[in-house]
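Enquirer: Take a look at this one; I'll ask things after.
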């Protein structure tokens, strides 16, 4: 047989289960997504090399392949491209099967059977010989999984009958219905659910999921917009949580769909789910008792009277009726009274110079030092031209910053940054930028002065 159904994973006993466990997110029917299994360029050669060197001794080893000496990283990289299988999968598979990635002194057995391919209980040494050796193990480990994927595409199932939508029983006695080809391929390779939901003494796909998630789930800064590649659901990262948008209008009123980054199940699983976003900022919400509230970023302010409502010029047709439960899910701030001149803020422009400032709901003015900051923060907003005496009498606050999640650069600097919590975080490499899913055409070029409004934050890297 080409594949080996291992009963107990050697790495479990030698190295123990991972210290970071994501059991709350593990789904035996959807272990990883198809893209995560088949993204052959998920890691470049240099990143594979640095990853192996950081984890253990494998990064310093070379092997003779058809008379040519190649590093372990080269072997992984080339086979990933040849068979269109993710190098992240191959690295995870080797750690699951033999613990060879983190081994300080890999044994011959760990190297010769790195992916566990062809090492079946009933195979003779002669039958297993062609799979032996590090280069063979990586090649067959990639080729075997590619065969499973291709078989599913052509017949609906793998050689052992696993396929999307096909219910089978794992070796630890649980019914599993794979939701995608990747999960079916994983169970073909290792038909155990493992310790999360199945046999607590077996690693199986539980161990695979934990290692893959620990090493390769992508971490994003606050303000990032993520879209689930499977369901299409949209989230924004805030305070380390993913906040789902439950209404299209809530997203499109405040955000640009070009800023969405495709995200896998593994990436999204790494974030705790926070409060859903169902309304656009500055929506008008009516309680069952008739009070109208102004909603903004998860907070509400009641409008104190009908007279105040009319004075502020709101349109009654824009009011949305909501339940008490909905209102109770928001933080309530002080009511809007006749003293609140601009509860949603306003843009003032100096008649004399043309400069624009933002006046916040508390009546504090904030300078907008260039056009990029104005367009990103207040695109399409009305600007009111007034005399300098009107603006200058207002208390002055901090200058307006770029919103979280904005990609910025300057021809004077050269580095590319993403804004998060008011800080600018530099990408450590072009690979980090592209692998995290950002788009070059979304970068806003601005002045060095505008960049300097944001203190430097922690650089963004792919390394864990």
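In my numbering, the protein residues as written are 19 to 482.
Ideal placement from N, C-alpha and C gives every residue a C-beta, glycine not left out.
Owing to the predicted nature of the structure, the values given are computational and were not obtained by experimental measurement.
#1: Beta strand (DSSP E) containing residue 404: first to last residue?
#2: Between the region 102-122 and the region 67-74, can you find at least three pairs of beta-carbon atoms closer than 8 Å?
#3: Would you kindly check if the distance between the Cβ of residue 63 and the Cβ of residue 95 is under 7 Å?
#4: Are there three or more Cβ pairs, one per stretch, closer than 8 Å when the region 421-438 is compared with the region 369-387?
#5: In three-state terms, what does DSSP make of residue 197?
#6: Take residue 408 as the anchor and find which of 337, 381 and 428 has the nearest alpha-carbon.
#7: Just to confirm, are residue 439 and residue 240 a CB contact at a threshold of 7 Å?
#8: If residue 318 sits next to residue 303, beta carbons under 8 Å apart, how far is it from one beta carbon to the other, in whole angstroms?
#9: Assess, as a yes-or-no matter, whether the region 287-303 is touched by the region 225-243 under the definition of 3 or more beta carbon pairs within less than 8 Å.
#10: Thinking just about the alpha-carbon of each residue, which of 57, 97, 177 and 195 is nearest to the one in residue 46?
#11: Inspect the beta-carbon positions of residue 483 and residue 216 and report whether they are closer than 7 Å.
#12: Can you tell me the Cα-Cα spacing of residue 42 and residue 429, whole angstroms?
#13: Measuring from the CB of residue 360, is there a heavy atom of the ligand ADP at a distance below 6 Å?
#14: Strictly by DSSP, which residues pair up with residue 320?
#15: Based on the DSSP output, what are the partners of residue 445 in its beta bridges?
#16: Kindly identify the DSSP beta-bridge partner or partners of residue 81.
#17: Here's the rule I'm using: 16 or more other beta-carbon atoms within 10 Å means buried, otherwise exposed. How should residue 434 be labelled?
#18: Three Cβ pairs or more, each shorter than 8 Å: is that satisfied between the region 140-150 and the region 164-171?
#19: Rounded to whole angstroms, what's the CA-CA distance from residue 186 to residue 209? Just pull it up for me.
#20: Would you decide whether residue 464 is buried or exposed? Buried here means 16 or more other CB atoms lie within 10 Å of its CB.
#21: Can you give me the C-alpha to C-alpha distance between residue 248 and residue 117, rounded to a whole angstrom?
#22: Looking at residue 383: is its Cβ nearer than 7 Å to the Cβ of residue 374?
#23: Let me know the secondary structure DSSP gives residue 132 once reduced to three states.
#24: Considering only DSSP beta bridges, list what residue 262 is partnered with.
#25: Decide yes or no for the touch test of the region 395-405 against the region 353-369: beta carbon pairs closer than 8 Å, at least 3 of them.
#26: Decide if residue 28 is buried, meaning its Cβ has at least 16 other Cβ atoms within 10 Å, or exposed.
#27: In this structure, how does DSSP classify residue 248 when only helix, strand and coil are distinguished?
#28: Applying the criterion that 16 or more other CB atoms from any shown protein chain within 10 Å of the CB defines a buried residue, is residue 370 buried or exposed?
#29: To the nearest angstrom, how far is it from the Cα of residue 270 to the Cα of residue 154?
#30: Which residues does DSSP pair with residue 385 in a beta bridge?
#31: Got a sec, what are the start and stop residues for the beta strand (DSSP E) residue 461 sits in?
#32: Please list the terminal residues of the continuous beta strand (DSSP E) segment that includes residue 338.
#33: What ranges does the beta strand (DSSP E) occupy inside the region 88-124, keeping only unbroken runs of at least 3 residues that lie completely in it?
#34: Using a Cβ-Cβ cut-off of 8 Å (strictly less than) and excluding sequence neighbours within five positions of residue 466, which residues of its own chain qualify?
#35: Look at the alpha carbon of residue 404 and the alpha carbon of residue 372, and state the distance between them as a whole number of angstroms.
#36: I'd like to check one pair, residue 284 with residue 231: are the Cβ atoms closer than 7 Å?
Expert: So, from the data block:
#1: Sequence index remark: in the chain shown, residue 404 carries index 386 (1-based). Element bounds for residue 404: 401-404.
#2: yes
#3: As a first step, residue 95 is located in the chain shown; it is residue number 77 there, counting from the start. As a first step, residue 63 is located in the chain shown; it is residue number 45 there, counting from the start. Result yes, Cβ atoms of residue 95 and residue 63 sit closer than 7 Å.
#4: no
#5: By 1-based counting over the chain shown, the position of residue 197 is 179. Coil, per DSSP.
#6: Translated into positions along the chain shown, residue 408 becomes position 390. Checked all of 337, 381 and 428; the closest Cα to residue 408 is 381.
#7: Residue 439 sits at position 421 when you count from the first residue of the chain shown. Residue 240 sits at position 222 when you count from the first residue of the chain shown. In contact: residue 439 and residue 240 (Cβ atoms closer than 7 Å).
#8: On the chain shown, position 300 is the one that residue 318 refers to. On the chain shown, position 285 is the one that residue 303 refers to. Right, their Cβ atoms sit about 7 Å apart.
#9: yes
#10: On the chain shown, position 28 is the one that residue 46 refers to. Of the candidates 57, 97, 177 and 195, the one whose C-alpha sits nearest the C-alpha of residue 46 is 195.
#11: Shown here, the chain extends from 19 to 482; a query on residue 483 therefore has no answer.
#12: As a first step, residue 42 must be located in the chain shown, where it is residue number 24. As a first step, residue 429 must be located in the chain shown, where it is residue number 411. Residue placement at residue 42 is poorly supported in this model, since its pLDDT is 45, which falls under 50; the coordinates still yield a value, given next. Going by the C-alpha atoms only, they are around 45 Å apart.
#13: Absent from the structure shown: the ligand ADP. Ligands present: none.
#14: Locating residue 320 in the chain shown gives position 302, counting from the first residue. Bridge partners of residue 320: 311.
#15: Reading the chain shown from its first residue, position 427 is the one you call residue 445. DSSP, once it has assigned bridges, lists 478 as partnering residue 445.
#16: The residue given as residue 81 occupies position 63 in the chain shown. 88.
#17: Numbered from its first residue, the chain shown carries residue 434 at position 416. With 16 or more Cβ atoms within 10 Å of its Cβ, residue 434 is classed as buried.
#18: no
#19: Walking along the chain shown from the start, residue 186 turns up at place 168. Walking along the chain shown from the start, residue 209 turns up at place 191. Approximately 10 Å, taken between the alpha carbons.
#20: By 1-based counting over the chain shown, the position of residue 464 is 446. It is buried - the Cβ of residue 464 has at least 16 other Cβ atoms within 10 Å.
#21: Along the chain shown, read from residue 1 onward, the residue named residue 248 stands at position 230. Along the chain shown, read from residue 1 onward, the residue named residue 117 stands at position 99. In a straight line, the C-alpha of residue 248 is about 31 Å away from that of residue 117.
#22: On the chain shown, residue 383 is found 365 positions in, with the first residue counted as 1. On the chain shown, residue 374 is found 356 positions in, with the first residue counted as 1. No. Outside cutoff.
#23: Here residue 132 refers to the residue found at position 114 of the chain shown. Reduced to three states, the DSSP call for residue 132 is coil.
#24: For the purposes of this step, residue 262 is identified with residue 244 of the chain shown, where counting begins at 1. Residue 262 is bridged to 253.
#25: yes
#26: For this step, residue 28 is matched to residue 10 along the chain shown. Model confidence at residue 28 stands at a pLDDT of 33, short of 50, so the residue's coordinates are unreliable and nothing is read from them.
#27: Here residue 248 refers to the residue found at position 230 of the chain shown. Coil, per DSSP.
#28: Taking the first residue of the chain shown as position 1, residue 370 is located at position 352. Residue 370 is exposed by the Cβ-count criterion.
#29: Against the chain shown, residue 270 aligns to sequence position 252. Against the chain shown, residue 154 aligns to sequence position 136. Residue 270 and residue 154: Cα-Cα distance of roughly 51 Å.
#30: If you number the chain shown from 1, residue 385 lands on position 367. Answer is 375.
#31: In the chain shown, counting from the first residue as 1, residue 461 sits at position 443. Note, residue 461: premise wrong, no beta strand (DSSP E); not H, not E.
#32: Here the question's residue 338 lines up with position 320 in the chain shown. 337-339 is the span of the beta strand (DSSP E), which, as asked, contains residue 338.
#33: none
#34: Locating residue 466 in the chain shown gives position 448, counting from the first residue. 428, 430 and 431, listed in sequence order.
#35: Within the chain shown, residue 404 is the residue found at index 386, counting from 1. Within the chain shown, residue 372 is the residue found at index 354, counting from 1. Their Cα atoms are separated by approximately 10 Å.
#36: For the purposes of this step, residue 231 is taken as residue 213 along the chain shown, with counting starting at 1. For the purposes of this step, residue 284 is taken as residue 266 along the chain shown, with counting starting at 1. Against a cut-off of 7 Å, the Cβ pair of residue 284 and residue 231 comes out as a contact.
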